[in-house]
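Participant: Following this note's numbering, the numbering of the sequence shown begins with 3 at its first residue and continues without gaps. Supplied in structure tokens, the structure appears directly below.
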Amino acid sequence: MRNTFNIRRAMLGAFGAALLPGAFAQSTSTYPDRVIKLVNPWTPGGPGEIVGRPIADILAKAWGQPVILDHRPGANAVIGSAFVAKAPPDGYTLLLGQTGPNTISPTIGKGTPYDPVKDFTPITQITSAALVLAVRADLPIHSVADLIAYGKAQPGALTFGSVGNGSTTHLAGEMLKAAGGFQMTHVPYKGAGQVLTDLMGGQISMTFLNIAGIVPHVAAGRIRPIAVTTLKRSPQMPSVPAIAETLPGVEMVSWYALLAPGGTAPAIVDKIYRTVVEGLRHPDVASVYRAAGQDLELSTPAQFAQRIKSELGKFAKLVKDNNITTD
Numbered sequence: 003m004r005n006t007f008n009i010r011r012a013m014l015g016a017f018g019a020a021l022l023p024g025a026f027a028q029s030t031s032t033y034p035d036r037v038i039k040l041v042n043p044w045t046p047g048g049p050g051e052i053v054g055r056p057i058a059d060i061l062a063k064a065w066g067q068p069v070i071l072d073h074r075p076g077a078n079a080v081i082g083s084a085f086v087a088k089a090p091p092d093g094y095t096l097l098l099g100q101t102g103p104n105t106i107s108p109t110i111g112k113g114t115p116y117d118p119v120k121d122f123t124p125i126t127q128i129t130s131a132a133l134v135l136a137v138r139a140d141l142p143i144h145s146v147a148d149l150i151a152y153g154k155a156q157p158g159a160l161t162f163g164s165v166g167n168g169s170t171t172h173l174a175g176e177m178l179k180a181a182g183g184f185q186m187t188h189v190p191y192k193g194a195g196q197v198l199t200d201l202m203g204g205q206i207s208m209t210f211l212n213i214a215g216i217v218p219h220v221a222a223g224r225i226r227p228i229a230v231t232t233l234k235r236s237p238q239m240p241s242v243p244a245i246a247e248t249l250p251g252v253e254m255v256s257w258y259a260l261l262a263p264g265g266t267a268p269a270i271v272d273k274i275y276r277t278v279v280e281g282l283r284h285p286d287v288a289s290v291y292r293a294a295g296q297d298l299e300l301s302t303p304a305q306f307a308q309r310i311k312s313e314l315g316k317f318a319k320l321v322k323d324n325n326i327t328t329d
């Protein structure tokens, strides 16, 4: 939590310069005139809070109204997401969305208690991040080609850990084994810390994790990064190739975004969008996100809506073709 508080303190000073009166033309609407909740559907202190805290501070500084980061974790972020889906569409309850609960979980098994398109109004994407495919240091695997060969030569020997069923780290593994034509056994965990502990302890063969979370362990030689899940190499780890260099088209981007309940008025959406984008363009924000393994990637509401629909189609096909379940 100490890092979170330091981030907040550092960012408040930067936002003050970026959001002086006149930086954004205020709407003639009375919105907002009371407290706003920004729901973080993950536990406090994690990447969700790191991404969401600057958003809350930007809105509070620009509008002079309290913006509370409301933590509602559970069920791989579905509980908090469902809370926002059922909230009044008045702009006073917003969601810090993410790939898993917004475009993956709705396609698996019984889906989610919300419709990922109808029950949310997209505002903007905030960040994107590559996942790193990392293997145990004692395995003779130094590339995606090595991994495929090893998996085919020893069927059933490979296991991959994820941060939970229906997460980006789960689907990344399923996508890789489908494209590579080899078998791996999925081992779901309840968090990245447990995954790393078991990877370094030899209980699992490999995993997909955020860049920032694995860098110290890579430097210590405990695990070996062999690829990233974006179509191109990550600027934060340029010596590590993309999976797509071996298996064209394989991509898993973990993004964070801002959404409102479905049916929120366009004028309110536009006001939130313009205020947030103006504040996020301050260079200090990008630095904070980059330190957490996230790259700033903004979009218009329409662009983000299209991304959601595209990913829902892609993941639904992957789930159906490979009989992926959360059991």
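We put the beta carbon where it would ideally sit given N, CA and C, even for glycine. All figures in this text were calculated on a predicted structure; none of them were measured in a lab.
Counting only beta-carbon separations shorter than 9 Å, does A174 have a partner in chain D?
Facilitator: The structure shown has no chain D; it contains just one protein chain.
Participant: To the nearest angstrom, how far is it from the Cα of L61 to the Cα of V37?
Facilitator: Within the sequence shown, residue 61 is the residue found at index 59, counting from 1. Within the sequence shown, residue 37 is the residue found at index 35, counting from 1. About 11 Å.
Participant: Could you give the DSSP three-state label for Q100: helix, strand or coil?
Facilitator: The residue given as residue 100 occupies position 98 in the sequence shown. Strand at Q100.
Participant: Using a Cβ distance threshold of 8 Å, determine whether the segment 78 to 85 contacts the segment 41 to 48, with at least three qualifying pairs required.
Facilitator: yes
Participant: Look at the alpha carbon of A307 and the alpha carbon of P124, and state the distance between them as a whole number of angstroms.
Facilitator: As a working note, residue 307 is residue 305 in the sequence shown. As a working note, residue 124 is residue 122 in the sequence shown. The alpha-carbon atoms of A307 and P124 are separated by roughly 6 Å.
Participant: Could you tell me the alpha carbon to alpha carbon distance between H188 and D35, rounded to whole angstroms?
Facilitator: As a working note, residue 188 is residue 186 in the sequence shown. As a working note, residue 35 is residue 33 in the sequence shown. Roughly 48 Å separates the two Cα atoms.
Participant: What separation, rounded to the nearest whole angstrom, lies between the Cα atoms of A87 and F122?
Facilitator: Numbered from its first residue, the sequence shown carries residue 87 at position 85. Numbered from its first residue, the sequence shown carries residue 122 at position 120. Their backbone Cα atoms lie some 6 Å apart in a straight line.
Participant: Name the residue from S256, A294 and S145 whose alpha carbon lies nearest to the alpha carbon of A244.
Facilitator: As a first step, residue 244 is located in the sequence shown; it is residue number 242 there, counting from the start. Of S256, A294 and S145, the residue nearest in Cα terms is S145.
Participant: From G166 to A288, what distance separates their C-alpha atoms?
Facilitator: Sequence index remark: in the sequence shown, residue 166 carries index 164 (1-based). Sequence index remark: in the sequence shown, residue 288 carries index 286 (1-based). Going from the Cα of G166 to the Cα of A288 covers about 28 Å.
Participant: Output yes or no for whether 9 Å exceeds the beta carbon distance between G93 and A222.
Facilitator: Along the sequence shown, one-based indexing puts residue 93 at 91. Along the sequence shown, one-based indexing puts residue 222 at 220. No; because the gap between Cβ atoms is not below 9 Å, this pair is not in contact.
Participant: State the start and end residues of the unbroken alpha helix (DSSP H) segment that holds T199.
Facilitator: Here residue 199 is taken as the residue at index 197 of the sequence shown, counted from 1. First-last of the alpha helix (DSSP H) with T199: A194 to G203.
Participant: If I follow the unbroken alpha helix (DSSP H) through T170, where does it start and stop?
Facilitator: Position 168 of the sequence shown holds residue 170. Where T170 is concerned, the enclosing alpha helix (DSSP H) stretches over T170 to G182.
Participant: How far does the alpha helix (DSSP H) with R36 in it extend, from its first residue to its last?
Facilitator: Position 34 of the sequence shown, counting from 1, holds the residue named residue 36. No alpha helix (DSSP H) contains R36, which DSSP labels as neither H nor E.
Participant: What span of residues does the alpha helix (DSSP H) with A131 cover, start to end?
Facilitator: What you label residue 131 is simply residue 129 of the sequence shown in a count that begins at 1. No alpha helix (DSSP H) contains A131, which is instead part of the beta strand (DSSP E) from F122 to R138.
Participant: So, using beta-carbon positions, are V137 and I216 closer together than 9 Å?
Facilitator: If you number the sequence shown from 1, residue 137 lands on position 135. If you number the sequence shown from 1, residue 216 lands on position 214. No, Cβ-Cβ distance for V137 and I216 is not below 9 Å.
Participant: Pull up the DSSP beta-bridge partners for Y258, would you.
Facilitator: Sequence index remark: in the sequence shown, residue 258 carries index 256 (1-based). According to DSSP, Y258 bridges with Q100 and T129.
Participant: Given a cut-off of 9 Å on the beta-carbon distance, is the pair S169 and N104 in contact?
Facilitator: The residue you call residue 169 lines up with position 167 of the sequence shown. The residue you call residue 104 lines up with position 102 of the sequence shown. Contact: no.
Participant: Let me check one thing: in DSSP terms, what residues is T161 bridge-paired to?
Facilitator: Taking the sequence shown and counting its residues from 1, one reaches residue 161 at position 159. T161 is bridged to T187.
Participant: With burial defined as no fewer than 16 other Cβ atoms inside 10 Å of the residue's Cβ, what is the status of P108: buried or exposed?
Facilitator: Within the sequence shown, numbered from 1, the residue matching residue 108 stands at position 106. With 16 or more Cβ atoms within 10 Å of its Cβ, P108 is classed as buried.
Participant: Would you be able to state if there are at least three C-beta pairs under 8 Å between the segment 155 to 166 and the segment 202 to 219?
Facilitator: yes
Participant: At the level of alpha carbons, what is the spacing between S130 and L300?
Facilitator: Your numbering for residue 130 matches position 128 in the sequence shown. Your numbering for residue 300 matches position 298 in the sequence shown. Near 9 Å, if we compare the C-alpha coordinates of L300 and S130.
Participant: Excluding the five sequence neighbours on either side, which residues of its own chain have a C-beta within less than 6 Å of the C-beta of D72, listed in chain order?
Facilitator: Residue numbering aside, residue 72 sits at position 70 when the sequence shown is read from its first letter. Cβ within range, chain order: K39 and V41.
Participant: Given this structure, state the Cα-to-Cα distance separating P218 from G315, to the nearest angstrom.
Facilitator: Position 216 of the sequence shown, counted from the first residue, corresponds to residue 218. Position 313 of the sequence shown, counted from the first residue, corresponds to residue 315. Roughly 36 Å between the two C-alpha positions.
Participant: Thinking C-alpha only, which one of W65, T101, P91 and A64 is nearest W257?
Facilitator: Stepping through the sequence shown from its first residue, residue 257 is reached at position 255. Nearest of W65, T101, P91 and A64 to W257, Cα basis: T101.
Participant: Going residue by residue through the segment 206 to 274, where are the continuous alpha helix (DSSP H) segments of at least 4 residues, counting only ones entirely within it?
Facilitator: 213 to 221
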